[in-house]
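Every number in the working numbering is 1 more than the matching position in the sequence shown, counting from 1.
Ideal Cβ placement from N, Cα and C applies to all residues, glycine included.
In what follows, a structure is listed as structure tokens, so that the remarks can point back to it.
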Amino acid sequence: MTRNQPGSPSLLTTLVGRDEELRTLARHAEAARAGRAGLILLHGPAGMGKTSLLRAFTAGGACRGMTVLHGTCGETVAGAGYGGVRELLGGLGLSDDAARHSPLLTGLAARALPALTDDPAGHDAATAAYPVLHGLYWLAARLMTERPLVLVLDDVHWCDERSLAWIDFLLRRAEDLPLLVVLALRSEAEPVAPAVLADLTAQRRPTVLGLDPLGPDAVRELVRRFFPGPAAASFVERVGAVSGGNPLTLARLLDELRTEGVVPDDAGERRAAEVGGHVLARSVRSLLAGRPPWVRDVARALAVLGEECTELLAALAGVPAATADEALLVLRRAGILATDRIDFVHDVVRSAVLDGIAPPALAELRTGAALLLSDAGRPSEELAGQLMLLPELDQPWMAGVLRDAAAQAESRGAPEAGVRCLYRVLEVEPDNVAVRIHMARALAEINPPEAIRLLKEARALGTDVRTRAQVAVQYGFTCLAVQESPSGARMLAEALDELEAALGPEPGPADRELRTLVESALLIVGADEKATIGTVRERAARLTAPPGDTPAERQLLTMATVLTAMDGRDARATADQARRALRAPGVEREPWSLLPASFALALADEITDAQYALDLMLQYGQDNAAVWTYVLALSTRALLHHDVGAFPDALADAQTAMEIIGEERWGDSAVLPRVALATALVDRGEPERAERVLDGITRDRLERFVIEYHWYLMARAHARWARGDLHGALTIFLTCGRSLEETRVSNAAFVPWWAEAAVLSAVLDRHGQARELAAFGLESAERWGTTSSLGLARMAQGVARPDGAGIEHLTEAVALLADSPARGMEARAELLLGNAHLQVDDQRAAREHLRAAADLAQRCGAVSLGDTARKLLVSAGGRVRRMATSPLDMLTGMERTVADLARTGVSNRDIAETLFVTVRTIETHLTSVYRKLGVAGRTELSAVLETRITFGPQSPAWVSQARGRG
């Protein structure tokens, strides 16, 4: 064995007694090679050997043939936005301007740039967090296509929230990827991001490795390395006890004893007891005290600045560069400086150096360090790393630096880091309204309650009516996100009154746009819950529709359209107004305008334009990696597909939305994807599964909400009906009606509970109740005027009259629905008409309509309705011809979505990026598609999917229309 020289840093950080931990790490590395991702959390007190263990692991054979990225978080960059990521990925060379041309950062991986560059200047003023996380995921995925990936991050207690969030984001998508993540932290240290770290470890269930003190055998081995000759058992026992089994303390103690010439015998035992367990701090202090002052000054500069160039260390220490080089050599020979870099051998040594500096002197050093970094042209985030450690900000320039650092953090998509800086700014500027607004904007998604508190303070402190109005808008949308919209609506109403009083009847263009923005925000926020929708509907009814030439005008126009549509008075006017908002020239369309426009157009039977709005919203979600926007559009489109009878497409969209939210932290609280999937499952003949999906909704007090609650009730009632609980289903339909009456929503086309309740009442022989419900629906449908709502009304009238009396109404219902986009409801009307003829023993007419119902059900993919139609057809003496089947029937919704994209030539990676899932997930789905369809690859897949079997030579026009291809 090669002996290390006295004072050698490698001997002071040598690894002993950790064989079992190394074997555990090696097992997880082998699992990662096999495609089983893992997370290891390594913890122990300072000096317990975490860093030495990680170095031994990454340098050993366990990681051979793997890409190993190893980083260490530090105190001076503690909490900097994506600081942990930059430490971890620094070896990839992606921190400068040339990184944007790297092959690693093509496609969606380019979104990672703000997190990676040393200075994010040049990126957008504020970058959304999700796109950066998504980009970093694709960067890691690209690395894993070449070889298995090991990510090792040390001193995670100093890691920022965004870096930890990315690790969580990556692990959520890495179940079958060749990935191992190892995080190491001090067990006694308070983390910078305790909540995120705790959540990560709780959710990902890591293998936890706690480093215990060295046992007797390991202590004996370390003693042997310092003292090659025999050592007395009492000496070994004493140094083990004095050091507490801490490897770093023990190594320093043994080095100190050897330097003194102590022999490891009984006398040496007594000396070990005298030197004691605090040898490290004491030896560092004595070492510096015994050297010239310039050595101490350089050591202190290094402790403050961290690993830095000699020139900066020399400037902070106040010595020439040559003197600084000599001081570093002295420190390295003394064994407290690393051999391979300008840094201490361990952070415990840094702490010992800092502990020897009086607080005022340390504050002066940190201030000087910040100024030096500024003179060197370093980013504001680096300066902030020093200023954040000051007990107080006592110079005017400091707040400006922290503001700049906050802006840089936001441009990285790291709002938590920016907010930390701004809290320090508030210490010196306690009445600053702009800083509070800035902080609240950053906190809106990550800590809405704190954002709300800051906005209340900002509004109370603000005196300018325009600023107070902008605060109200921000407050309203923040309240909307946390289901507190009534509070947001109240503040917006107050702000609008203030603005109108201050601006007068003819404000200038900028003030007019601000007033429009506040008014549109009030309509959006107020429309969310029953408690406020009545007030905002009255306001919308009094509005003069704006031209829609600006973002605020278009937002106001679409929301006013939706709110007035809920009265159900004029479908044509509603559609014209919604189209105007969609087609405003030269104005970028945002989700807050697209979704209401689509909703209003769908109510008015304008399916093509409604589909167009949702397609724009989906594109927005893809372009901005806005996953919730994408899921919301996908779920809404699923319901739209269902309304027009494209049930397989509805199921595909709903299942895709559900698969996406399954990988998101907020997925459990999402309502609409579950409602869309349950709705599709009922028509597929799976009501039990539909109920389980609905049972997964966790949102509190769902009954408060205007849109989602009533869609939920309809899905729940249909599932109960399909399971045979007719009375329970009817109760839910009637509950839906009473709730809508409380909300004063009277549009027949919005969740037509009345039509469903009328049909079910007739089935239960409650024909009087059915007639009342039909009369209610007819009055509303005639006022609204769409063919689908009128067809539903005639259908309800028809079932309410038994013994053939309703056949005329049902015949009219079929004709009306045939002229509407509602193919699924047309099939149902044909079924009811056929059954009515059967009840009066007109079997010929019954067979005609039941066969039509079966054909339509086949085309729509309405499995349950088709089964019922075919059974009735047999009872009417008809022959059930062999039903043609589509190969798509064998595919799940997600498989269908993937297959449709694959057949057009989209690569697996691009499909994965589009659907916010992993490449491995896409490969799994395609493999399943090939197996189910019996094809060998994409060429054959395209041929199979192009052959969509129907009853005619081609799919009816409504199919293309529903898919946005007409």
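For a cut-off of 8 Å, the C-beta gap from LEU184 to PRO192 is around 11 Å, too long to register as a contact. Taken in chain order, the whole beta strand (DSSP E) runs of length 3 or more contained in the segment 15 to 101 are 39 to 45 and 68 to 73.
Taking GLY50 as the centre and dropping the five residues before and after it, the same chain places the C-beta of LEU16, ARG19, LEU212 and PRO248 closer than 7 Å to its C-beta, in chain order.
The DSSP-derived three-state label of VAL153 is strand. Within the DSSP bridge table, the entry for GLY211 names HIS44 as partners. The way I'd put it, the segment 731 to 739 does touch the segment 759 to 767; three or more beta-carbon pairs between them come closer than 8 Å.
Contact between the segment 475 to 490 and the segment 520 to 528 is present: 3 or more CB-CB pairs across the two stretches fall below 8 Å. In this structure, the straight-line span from the alpha carbon of ALA33 to that of LEU180 is close to 5 Å. Annotation: VAL815 to ARG845 spans about 17 Å, alpha carbon to alpha carbon.
Look at the beta carbons and you see the segment 96 to 105 not touching the segment 426 to 438: under three pairs across the two are nearer than 8 Å. CA-to-CA, the gap between LEU640 and LEU557 works out to about 25 Å. In the structure shown, the three-state DSSP call for LEU544 is coil.
ARG491 and VAL841 have their alpha carbons spaced roughly 59 Å apart. Annotated three-state conformation of ARG425 is helix, per DSSP. Close CB contacts of ALA671 within its chain, under the 6 Å cut and outside five residues either way in sequence, are with ILE662 (chain order). With 16 or more other CB atoms across the displayed protein chains lying within 10 angstroms of its CB, VAL263 is buried.
Residue pairing for PHE706: DSSP places it in a beta bridge opposite GLU530. In summary, GLU742 is exposed, with fewer than 16 beta-carbon neighbours lying within 10 Å of its beta-carbon over all protein chains present. If you compare the alpha carbons of TRP295, LEU288, ALA598 and CYS861 with that of ASP684, the shortest gap goes to CYS861. One alpha carbon belongs to ARG543, the other to GLN770, and they sit about 36 Å apart.
A direct Cα-to-Cα measurement between ASP606 and ALA828 gives close to 17 Å. DSSP places LEU180 in the uninterrupted beta strand (DSSP E) bounded by 180 to 187. Annotation for THR25: ILE41, THR208 and LEU210 place their beta carbon closer than 8 Å to its own, counting only its chain and skipping 5 residues before and after.
Taking 4 residues as the shortest admissible run, the segment 632 to 679 contains the following complete alpha helix (DSSP H) segments, listed from N- to C-terminal end: 648 to 662. VAL240 has its alpha-carbon roughly 36 Å from the corresponding atom of ALA194. Counting the other CB atoms within 10 Å of its CB gives GLN204 a total below 16, which places it among the exposed residues. No residue range can be given for PHE917, since it is assigned to no alpha helix (DSSP H) and is classified by DSSP as neither H nor E. For ALA561, the uninterrupted alpha helix (DSSP H) segment begins and ends at 552 to 566. Excluding sequence positions up to five before and after LEU817, its CB lies within less than 7 Å of the CB of THR788, LEU791, GLY792 and ARG795, all in the same chain and listed in chain order. By the neighbour-count criterion, in which a residue is buried when 16 or more other Cβ atoms sit within 10 angstroms of its Cβ, PRO294 is exposed. Around the C-beta of LEU154, 16 or more other C-beta atoms lie within 10 Å, and the residue is accordingly described as buried. Note on THR52: 16 or more other CB atoms within 10 angstroms of its CB, so buried under the neighbour-count rule.
About 11 Å separates the beta carbon of THR559 from that of PRO592, a gap too long to meet the 8 Å contact definition.
Counting along the chain, CYS480 sits inside the alpha helix (DSSP H) bounded by residues 466 to 482. By the Cβ test, the segment 379 to 399 is not in contact with the segment 339 to 350, since fewer than three Cβ pairs between them sit closer than 8 Å. With a cut-off of 8 Å on Cβ pairs, the segment 910 to 928 is in contact with the segment 894 to 901, counting three or more such pairs.
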